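Enquirer: Here's a structure for you.
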Amino acid sequence: MSDLAKFFSPEELASTKAQTEFPVYPTGKYPVRIEKVEVQQNKKKNGHFIYLEELILDGQFKGKKIIDRINIDNPSQICKEIAMRCMAALRDAVGFVITDTDQLLNQIVIAHVTVKEGQNEVRTYSAPGTCQPTTIDPAVLTPGPAAPSGPQTFMVAPGATTPRLPWQK
176 MSDLAKFFSP
186 EELASTKAQT
196 EFPVYPTGKY
206 PVRIEKVEVQ
216 QNKKKNGHFI
226 YLEELILDGQ
236 FKGKKIIDRI
246 NIDNPSQICK
256 EIAMRCMAAL
266 RDAVGFVITD
276 TDQLLNQIVI
286 AHVTVKEGQN
296 EVRTYSAPGT
306 CQPTTIDPAV
316 LTPGPAAPSG
326 PQTFMVAPGA
336 TTPRLPWQK
């Protein structure tokens, strides 16, 4: 158990507006780096899933995050089969058999994202060199609360070079 008073006061929490919306990215293929991987228990406490937090590396949504959850332990055999296929896709994308979730940290893959019930869902993964990421036509996008107000800038250390990613020509 952890005392939250170390992080914020009850007054701060009481006066803070709750986050109610999350950005929804258009269906497409996004180059991502896996930044966080955890095995977590599901809400019903009858199974577990792998929680993946992924950073989009290129394109209009560069710097934004995508969340994926892979049900690895579930009473439903169908859920387990879907998880195995998803893990096989991740295996193929990273190029080795995954035996520990830490092996996925900092791996770069292409996330195939769809929109389902107003939320993003990662359907599968592929290796960076196997397909071109999606180019989004700005005319088809509807403005959303998470859209950046201007260009995003990322600093590179002096003297450092930025490597070209496999999908960049």
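Per the working numbering: the sequence shown ends with 344, consecutive numbering throughout.
All C-beta atoms, glycine included, are put in the ideal place defined by N, C-alpha and C.
Just so it is clear, the structure is predicted and the values come from calculations on it, not from any experiment.
For Glu-187, count neighbouring C-beta atoms within 10 Å of its own C-beta (all shown protein chains included) and say buried if the count is 16 or more, exposed if not.
Expert: Residue numbering aside, residue 187 sits at position 12 when the sequence shown is read from its first letter. It counts as exposed.
Enquirer: Which value, in whole angstroms, describes the spacing of the CA atoms of Asp-248 and Lys-181?
Expert: For the purposes of this step, residue 248 is taken as residue 73 along the sequence shown, with counting starting at 1. For the purposes of this step, residue 181 is taken as residue 6 along the sequence shown, with counting starting at 1. Those two C-alpha atoms are separated by around 34 Å.
Enquirer: So, for Glu-296: in the same chain, excluding its five sequence neighbours on each side, which residues have a beta-carbon less than 6 Å away from its beta-carbon?
Expert: As a working note, residue 296 is residue 121 in the sequence shown. Counting only Cβ-Cβ distances below 6 Å, and skipping sequence neighbours, we find Thr-289.
Enquirer: Tell me the residue span of the beta strand (DSSP E) that contains Val-214.
Expert: Position 39 of the sequence shown, counting from 1, holds the residue named residue 214. Here the beta strand (DSSP E) through Val-214 covers 203-216.
Enquirer: Can you give the Cα-Cα distance for Val-199 and Lys-219, rounded to whole angstroms?
Expert: Mapped onto the sequence shown, residue 199 falls at position 24. Mapped onto the sequence shown, residue 219 falls at position 44. Going from the Cα of Val-199 to the Cα of Lys-219 covers about 26 Å.
Enquirer: Just to confirm before moving on: does the CB-CB distance between Ala-208 and Leu-230 stay below 8 Å?
Expert: The residue given as residue 208 occupies position 33 in the sequence shown. The residue given as residue 230 occupies position 55 in the sequence shown. Before going further, note that residue 208 is Arg rather than Ala in the sequence given. Cβ atoms of Arg-208 and Leu-230: closer than 8 Å.
Enquirer: Exposed or buried, which one is Leu-179 when buried takes at least 16 other CB atoms within 10 Å?
Expert: Taking the sequence shown and counting its residues from 1, one reaches residue 179 at position 4. Classification for Leu-179: exposed.
Enquirer: For Ile-253, which three-state DSSP category applies?
Expert: If you number the sequence shown from 1, residue 253 lands on position 78. Of the three classes helix, strand and coil, the one that applies to Ile-253 here is helix, per DSSP.
Enquirer: Using 10 angstroms around the beta-carbon of Ile-225, count the other beta-carbons present and answer buried if the total reaches 16, otherwise exposed.
Expert: For this step, residue 225 is matched to residue 50 along the sequence shown. Classification for Ile-225: buried.
Enquirer: Just to confirm the assignment, what range does the alpha helix (DSSP H) spanning Ser-190 have?
Expert: Counting from one through the sequence shown, the residue named residue 190 turns up at place 15. Taken as a continuous stretch (DSSP letters only), the alpha helix (DSSP H) holding Ser-190 covers 185-190.
Enquirer: List the whole-angstrom C-beta distance separating Ile-241 from Ala-286, where the pair is believed to meet the contact cut-off of C-beta under 8 Å.
Expert: Sequence index remark: in the sequence shown, residue 241 carries index 66 (1-based). Sequence index remark: in the sequence shown, residue 286 carries index 111 (1-based). Right, their Cβ atoms sit about 6 Å apart.
Enquirer: According to DSSP, Ile-283 sits in a beta bridge with which residue or residues?
Expert: As a first step, residue 283 is located in the sequence shown; it is residue number 108 there, counting from the start. The partner list for Ile-283 (beta bridge, DSSP) reads Arg-208.
Enquirer: Considering Cα atoms alone, identify which of Asn-217, Arg-298, Ala-263 and Lys-211 is closest to Asn-246.
Expert: Taking the sequence shown and counting its residues from 1, one reaches residue 246 at position 71. The shortest Cα separation from Asn-246 among Asn-217, Arg-298, Ala-263 and Lys-211 belongs to Asn-217.
Enquirer: Which partner residues does Val-297 have in the DSSP bridge list?
Expert: Here the question's residue 297 lines up with position 122 in the sequence shown. Paired residues: Val-288.
Enquirer: Taking only three categories from DSSP, how would you classify Lys-181?
Expert: Sequence index remark: in the sequence shown, residue 181 carries index 6 (1-based). Three-state result, Lys-181: helix.
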